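Numbering of the sequence shown is given in our numbering, commencing with residue 114 and proceeding in unit increments.
For each residue, glycine too, the CB sits at the ideal point set by N, CA and C.
Keep in mind that this is a model prediction, so the values were computed, not measured.
Single-structure report; data block below.
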Amino acid sequence: MPDSSLCDRKSLIAIMDSLDVGIIFVDENNDIIFINKSAEKIRQMKSEERVGTSILDCHGGMMNNKVLEVMDNFKKDHNSTRHKLIKTQGKYFDNIYNVVKDEQSEFLGVVLLSQDVTEKKLLEEKLQKYNEELEQKVKERTEEIENAYNKLQIAQQQLIQSEKMAAIGQFVAGLAHEINNPLDGIQNCLQAILSDIHNIEQTKNYAELSLEGLYKIEMLVRKLLSYARTYTLEKSEVDINFILKDILSLTSLKLKNKNISIQEEFSPDLPTIYGDHHYVEQIFVNLILNASDAMPQGGQLTVKTYLDKEGFVTIKVIDTGQGIPREYLNKIFDPFFTTKQKSNGTGLGLYLTYSFVAQHQGKVLVKSKEGKGTEFTVLLPTNSVEEKKIELKHVLL
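This is the structure in structure tokens:
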């Protein structure tokens, strides 16, 4: 009958030889007791030549001191450790040293487990290289984006400056045009007076026309002062319904003569706002007169008031006039822009309207369709929402 302990030993050796992990057992004297097949391959050594020899003989140079240091540490604290060795020919091995103790916890030796991790290490190095390349590319792209952004900012500033200069040019051109028209009329009247100064009736007519031209210039200058002025609002409780009724009463005859009917839809419980009575009044004078000018053939003017869900006092001025062309919607609040005939508008009314609404922390919304009419909506905050931001929206029906 075969020795069972011998069979067990052979089975154990066969099992360890089948593993792809190198196994070397070293006793307390640093002598090699066992080497499996994988360790022979990894260490390029033969079991029959190394078993019984010192582990230090397997290494050379500075590695001797490292191995001896590791073995001495095991004998002192009996703790396992791990460190990596780089073998020649570019091979990488993961080495683990496990302490072996008997039943009385006496130190018997160390098992050195070695595994070829060359493929893993090369993949890690490759991944590290890719990461470094990616970081470099990201850095380069980031620098490119930052440079492009800086150039864009410079171009944007140049564009803004160009637009400012263009706006100034447009402003000056519009101003010159608005002043030159009545000045030309005054000059012609004065020349006519001088050509026949003894004709009293004619002189009187030309003088009246000259005064009318001067009045137009005076009104333009006043509007320019309003345009340039930083407003100091004298705020108090303002009744919007009262202001609108007053304006409609004053303009009713003019509207009637133009065959424009008026429809009032005023909320009876509309709260007051806290604002400047004069400027609030001017907002709706401008909008109502603007609506009147948009209906030269007559139509209907509707003025509504109510309190919206956000707490804004809402005023709608709706006409059934000519409407505003789509391409003009974004320009109607610009200074000196007008769709009226040259003799009928300065192009400052809606700009001032927008400015006055903005001064009251309000909003202006516009809906328009050519041939159907225009709806201006002004939202003015009550005291509870006075600090809400200004917003301007252009919306097509």
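| Item | Value |
| --- | --- |
| Length of the line joining the Cα atoms of E259 and I353 | 52 Å |
| Short Cβ contact (8 Å threshold) for K444 with G388 | no |
| Local conformation of L400 per DSSP, three classes | helix |
| Assigned exposure category for Q435 - 16 Cβ within 10 Å defines buried | buried |
| Three-way DSSP call (helix, strand, coil) for G388 in this model | strand |
| Supposed contact pair L414 and I375 - C-beta distance, whole angstroms, cut 8 Å | 5 Å |
| For G486, the residue or residues it bridges with in DSSP | K482 |
| Own chain, CB closer than 8 Å to I306, minus 5 neighbours either side, in chain order | Q315, T316, Y319, A320 |
| Rounded C-alpha distance that separates G484 from K417 | 22 Å |
| N370 to E377 span [Cα, whole Å] | 18 Å |
| Beta strand (DSSP E) segment containing L226, residue limits | 220–229 |
| Burial state of G165, where buried means 16 or more other Cβ atoms lie within 10 Å | exposed |
| Beta-carbon proximity of V212 to F220, cut-off 8 Å | yes |
| Rounded straight-line distance, which links the Cα of Y464 to that of E380 | What sits at residue 380 in the sequence shown is Ser, not Glu. Spanning the two alpha carbons is a distance of roughly 28 Å. |
| Residue environment, L125, which counts as buried when at least 16 other CB atoms sit within 10 Å | exposed |
| Alpha-carbon spacing of L303 relative to D309, whole angstroms | 10 Å |
| Limits of the unbroken alpha helix (DSSP H) element including Y464 | 462–472 |
| As assigned by DSSP and simplified to three states, the class of I356 | helix |
| Assigned exposure category for L493 - 16 Cβ within 10 Å defines buried | buried |
| Beta-carbon proximity check, V426 vs L383, cutoff 8 Å | yes |
| Backbone CA spacing between L368 and S405 [nearest angstrom] | 7 Å |
| C-alpha distance - M408 paired with R335, whole-angstrom precision | 26 Å |
| Reference Y495; option with closest CA among M158, Y419, D144 | For the sequence presented, residue 495 should be read as Thr rather than Tyr. Of M158, Y419, D144, the residue nearest in Cα terms is Y419. |
| Which of helix, strand or coil DSSP assigns to G326 | helix |
| Where T255 falls, given that 16 or more other Cβ within 10 Å makes a residue buried | exposed |
| Between the CA atoms of K242 and Y210 - distance to the nearest angstrom | 31 Å |
| Cα-Cα separation, K239 to D130 | 32 Å |
| Local conformation of Q376 per DSSP, three classes | strand |
| Residue-chain proximity (I292, chain D), Cβ-Cβ < 8 Å | The structure shown contains no chain D; it holds only a single protein chain. |
| Coil, strand or helix - L492 by DSSP | strand |
| Beta-carbon proximity of S227 to I155, cut-off 8 Å | yes |
| Selection from I313, H311, G326 that minimises the alpha carbon distance to N301 | G326 |
| Pair within 8 Å by beta-carbon distance, I373 and I330 | no |
| Top-ranked residue by Cα proximity to F138, from D185, S167, Q157 | S167 |
| Own chain partners of P295 with C-beta closer than 6 Å, once the 5 adjacent residues on each side are dropped | G326, K329, I330 |
| 8 Å Cβ shell around L346 - same chain, five flanking residues per side excluded | G388, D389, Y392, Q472, H473 |
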